[in-house]
Structures are given as C-alpha cells and as structure tokens.
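The structure appears below as structure tokens.
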Amino acid sequence: MTTQYVLELIGTYFFAISGALAVADIENDLFGASFTGFITAIGGGTLRDLILDSHPLVWIADSFVMYAVFAGVLTAILFFKWVIRLKKTLFFFDTLGIALFTVLGTEKALSFGAPEEVAVIMGIFSAVMGGVIRDTLANVTPVLLRKEIYASACMFGAIMYLLLAKFDVPRDMNLLISAASIAIVRTLAVRYKLYLPALGKWK
Amino acid sequence: MTTQYVLELIGTYFFAISGALAVADIENDLFGASFTGFITAIGGGTLRDLILDSHPLVWIADSFVMYAVFAGVLTAILFFKWVIRLKKTLFFFDTLGIALFTVLGTEKALSFGAPEEVAVIMGIFSAVMGGVIRDTLANVTPVLLRKEIYASACMFGAIMYLLLAKFDVPRDMNLLISAASIAIVRTLAVRYKLYLPALGKWK
Amino acid sequence: MTTQYVLELIGTYFFAISGALAVADIENDLFGASFTGFITAIGGGTLRDLILDSHPLVWIADSFVMYAVFAGVLTAILFFKWVIRLKKTLFFFDTLGIALFTVLGTEKALSFGAPEEVAVIMGIFSAVMGGVIRDTLANVTPVLLRKEIYASACMFGAIMYLLLAKFDVPRDMNLLISAASIAIVRTLAVRYKLYLPALGKWK
C-alpha cells in the first residue's frame, strides 16, 4: 500500500463530497447527488487514463476507489446540514482534492512515458476535469473559467513536482510537498484576492 | 441475430428519436437535429465502450447501428408535428431507450470481467449518458439531476438483472424482464409522482 | 513533413486562437483562455482518436502540436485588442480550422479501416467537437445547434473528399480542394444568409 495509493483514495473521497454538494441548490435527489459525486471523483482520472490509454481504469480494477466514492457521498448526505453551511468546508475538500490529483496525475503521465509538458497538462486535467464536468452538468460556469487562481495553482504544483524530482527529492516527500504547495497557493490566492489578469486586460 | 442485438438496435432507434426532438424548441436545423439524435443514441454506449476499452465501437464495426440512428432521426423529422405534440411520446421513447440500454450495458460490462458494482454503473451510464450529453448541449439541466425517478430506475433494473442471473433465469428472458421492470418503475413513478428525497431533506 | 502534418498544425493554431477568444466576454483570466484554447484545439482530434483507438494521441506523441496551441493562445493574448474587434477574424480562423480538420479526420478514419459513412462522421467530429466543448464550457448554445450552415458544410467537404478520392485525384490536391470547398460553402452561406430549414418547418 503505497503513499500514492492512499493519497488517491483520500483525494477521491474529498472530490466525491464536493461533487455531491455541488448541485445541492438545484432540485437534486439522493441519487443525483451520488451521481455527481461519482462523476466529480472519477471524471478527471478517467479522462487522464483514456488519454494515456491506461486500462483497466483505476475504479474498475480496484473496488476501493468505488468505496471511497460511496464514503464521500455518504458523508455529504449524513452531514449535509453541517457541511453545506460551511462554504469553507467545500472549498477545503475541493482544494485538497485538486492538490492530490495534480501530483498523482503528473506522476502517472510520466510513468507512461509522456513528455514533461504533457505530464503537467495531464496533472491539471486529472485535478480539474472532474469539477469542470460537475459544473457543466449543474449549468454553472466552471470555476476554471472564473477569475480565480485554480488550475494555475495546479500548474504551479505540477511544475514544482518536476523540479523537485530533478533534484532527487524522494518521491513520497515530493508528492506531499508539491500537493501542499498547490493547497497553499490556492488558499493564499483566495484569502488575499490574488488573481491572474483577464484576457485583454493584462497590459 | 441475437435478442441482445435486436434490442440494441431498437434502443438506438428510440434514443435517436428522443435526441432529435430534444432541441426542437431552440433554433435547430435538420442537421442539428440529426447531430443531437446521433449523439444521444450513441453517446452512452460510446462512453461505456471507451471505459471498458472495447474496440472497435459498436457503431463503427456495424453499419446497422448507424441505420437505426438514421431511421430514428427520419422518424422524428417526418412525423414531427404528430410526435412533438405528444409529450408522452417522447417520454415513452426515452423510457424504452433507457430500459434496454441499462440491461445491455450491465451485461456487456460483466462480459468484460467488470465486478458487479461496476457493471451496474456501466449499465446506468449506457442508459443515461447519451441523454445527459443531449441535455448539456441543449443547455437544460439534465433530467438526471431533476427530482425524478430516472437513473434510479435504471439502477433498480440493473440490480434485478444481476439477481435474476444468480437464480439462473435464462438470459433472453432476464433481459426482457429487467428492461420491463425499469420501464414500469419509471412510468409508475411519474404517474404517481413518486420521487427520492432531495439531498438534505431526506430525514 | 507531409502536407497533412503541416495542415494539422495550422488547423490547431487557428482553433487555439478561436478557443482562447471564445470566452473573452466572461470573466476569464489568461490561464482560463489558455485552457479553452487548448481544449478547442485538441478536443475534436482527441475524441476522434479515442473513438478510433488511435494511441498515443497526436498531441502526446508530438510536441509540435502543443507548440501550435501555445502559438495560437499567444497570438490571441498579444493581439487581443486587434483581433477581438474583428468578428470576421474569429469567423475566419474558425472556418479555416473546421475546413482542415474535417478532411484530415475523414482521411484518418479511412486509414483506420472505418467504413465511409463513419469516416464522414469522424471528419465532422474532428472539426466541430472542439468547438462544441468550448461552447458548452462557456455556457452558450453550440454554434452547431444554431440555425447556421456549419457542421453541414463539413459534411459536404467530407463527402467531396470521398468522391474525389474515387476519381483518383492526388491526395494532397484532394485535401486542399475539399478543405477549400468547406470554407467556401460556409462563407457563402453566412454571406447570403442561407440555412437549412428548422426541424418541423421544412415542409
């Protein structure tokens, strides 16, 4: 049981919570919440694995991924009133999810022989595409396209992972440092209202 | 020519009709209607086959799938005025489509060695993802996320299929019984306004 | 370096520009613009290759595809004020993109042994699905579903490619003629306000 594996399950759990809660304000029944929780949790990784031609998909080969999704959805359902009031909770789970998935996705792409720039993109994809699908289903503009440090924090972390790997930082430590850097960048950016300039307003 | 094959063509035909009609109220030309009919009919199965790594995709290997789509789109175009007035007609075609695709998707996933809980999800995916894509394109909230027994009826039928298979019910009969159970559950649910509780309102 | 390869890079470049600009009116930062530019440029081809089971994907195997995307996004960013004012510019880039991708997609599907009607659909998919994803992300009704000659122009060009190939027109010339025919059909259709009849109003 590797660090990567444990982190992947934890990330899946976090994403399932954030997905189940995401459509809570539209008329959504328990099944719909489970569905969006599931899609959010496995969407990014599924897209990554399809693109890399990595079969069987993680959640098909390993039932524990599915259990992590179930646990996340159940957490969202059971602690709904508690969890939904705290907007920060949602933010917290989503941030942990993207942080973990970015570095895991980057690493997986490298292990499939992808060039480094592709690995960075695969890391970002793993992290954000589940949420993009979730937002698209719920008919809201994906957080990615709103003026917020989001996918750019993932890019930062993916590049940090590549750099630390070049300096021979041990893999488990690299995973944790790079993931933490994503969470920190995003949290600081939201706290201090930092953002990238809009297109056409950057100069 | 197996029962499964014939049912798949019929389900494809029904889905193509429902897809072509789905965007009838937005400015949509004949080509756009054909496109959404096509996407709705093959979307769920395509996603299922990509996830299961089942190549070549059914509609590439077998031209009859395409002909079933063409027939469905043509039906929608030729009998438009007649068909669109009857909201029940659309409901009817969509219900038959999801009923057939759920059991076929479940069975196919099993034949690819997927564990049972994954097979249930693949069955639901085959049935509902075409419609989800259709609704997303037409910019309406997917029926799946509205408070209605829809994907949950598919789950019911997929589990029934697994149970009946355990009791050695002959395959063709199992296919028909399980599909019928989905259509019945959904129809009863709509008729008697049954629905699952919304997230956060279930206790 | 074949004609096909050069055309593919040029088409990618055009699509990246159109994708980066597409969401310029919603709050979108430089990263978001890069993301939609990337998705628009590689979305159609990625879907085509996943469906055909053609691995590794073009943009993973060949870094020049990525550079073409970067160049397109950079063009959009640097010449934003100049480019965004000219609605015709966007139309121009998008038209060249769909023209090139249609014939390339059709040809690729044929080379994978797809039947001719599937090859036509794969050509259309390569051309329009990037834009469909782009429009879906930006929460606008895909151009495809609006009353405009768009995907139907692609279908015209794909069929022309098949016909010319039957008459043994040399491949490079065929590629250029068929792509040009798409650009011409679409441009004429927009100029003279030609469109296909809406569903239910065609007779």
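Protein chains in written order, with the working numbering: chain R, 1300 to 1502; chain S, 1300 to 1502; chain V, 1300 to 1502. Heads up, the beta-carbon is just placed ideally off N, CA and C, and yes, glycines get one too.
Cut-off 6 Å between Cβ atoms - residues of its own chain near residue i, not counting five sequence neighbours on either side
i, result
"Ile1432 (chain S)", "Ile1338, Gly1342"
"Lys1387 (chain V)", "none"
"Asp1434 (chain R)", "Pro1441"
"Ala1488 (chain V)", "Ile1448"
"Ser1333 (chain R)", "Val1372"
"Gly1404 (chain S)", "Arg1347, Met1421, Gly1422, Ser1425"
"Phe1379 (chain R)", "none"
"Val1484 (chain V)", "Ala1452, Phe1455"
"Gly1310 (chain R)", "Gly1396, Leu1399, Phe1400"
"Lys1465 (chain R)", "none"
"Pro1469 (chain R)", "none"
"Arg1490 (chain S)", "none"
Integer-rounded CB distance, given that residue j should sit under 8 Å from residue i
i, j, result
"Ser1425 (chain R)", "Arg1347 (chain R)", "5 Å"
"Ile1448 (chain V)", "Val1419 (chain V)", "The Cβ separation is near 16 Å, so there is no contact."
"Tyr1312 (chain V)", "Ala1370 (chain V)", "6 Å"
Close Cβ partners of residue i (< 7 Å) along its chain, the five nearest in sequence each way excluded
i, result
"Ser1317 (chain S)", "Thr1339, Leu1389, Phe1392, Asp1393, Gly1396"
"Trp1381 (chain V)", "none"
"Leu1356 (chain S)", "Thr1345, Asp1348"
"Val1417 (chain R)", "Ala1408"
"Tyr1304 (chain S)", "none"
"Lys1502 (chain R)", "Reliability fails at Lys1502 (chain R), whose pLDDT of 46 lies under 50, so the model's placement of it is uncertain and the value that follows must be treated cautiously. Excluding positions up to five away in sequence, the list is empty."
Beta-carbon gap between residue i and residue j smaller than 9 Å
i, j, result
"Trp1358 (chain R)", "Gly1344 (chain R)", "yes"
"Met1454 (chain R)", "Phe1330 (chain V)", "yes"
"Phe1314 (chain R)", "Gly1430 (chain R)", "yes"
"Leu1463 (chain S)", "Leu1399 (chain S)", "no"
"Thr1302 (chain R)", "Asp1471 (chain R)", "yes"
"Leu1349 (chain V)", "Leu1349 (chain S)", "yes"
"Ser1362 (chain R)", "Pro1414 (chain S)", "yes"
"Thr1374 (chain R)", "Ile1481 (chain R)", "no"
"Lys1407 (chain R)", "Leu1351 (chain R)", "yes"
Interface partners of residue i on chain A, CB under 8 Å
i, result
"Glu1416 (chain R)", "No chain A appears in the structure shown, which is made up of the protein chains R, S and V."
Spatial neighbours of residue i in its chain, beta-carbon cut-off 8 Å, leaving aside the 5 residues before and after
i, result
"Leu1308 (chain R)", "Phe1363, Val1364, Ala1367"
"Ile1376 (chain S)", "Ala1319, Leu1329, Ala1332"
"Thr1486 (chain R)", "Thr1394"
"Ala1360 (chain V)", "none"
Proximity test, residue i beta-carbon vs the ligand GDP heavy atom, cut-off 8 Å
i, result
"Thr1440 (chain R)", "Of the ligands one can find in the structure shown there are none, so the ligand GDP has no counterpart to examine."
### Query
Using 8 Å as the Cβ pair cut-off and three pairs as the minimum, do the region 1465-1476 of chain S and the region 1353-1372 of chain V touch?
no
### alpha helix (DSSP H) runs contained entirely in the region 1372-1437 of chain R, provided each spans 4 or more residues
1379-1384, 1386-1410, 1415-1436
### Task
Just list the alpha helix (DSSP H) runs in the region 1318-1371 of chain S, keeping only unbroken ones of 4 residues or longer that don't cross its boundaries, in chain order.
1329-1351, 1357-1360
### Message
Extract the residue ranges of the alpha helix (DSSP H) inside the region 1468-1501 of chain V, only unbroken runs of 4 or more that lie entirely within it.
### Response
1470-1490
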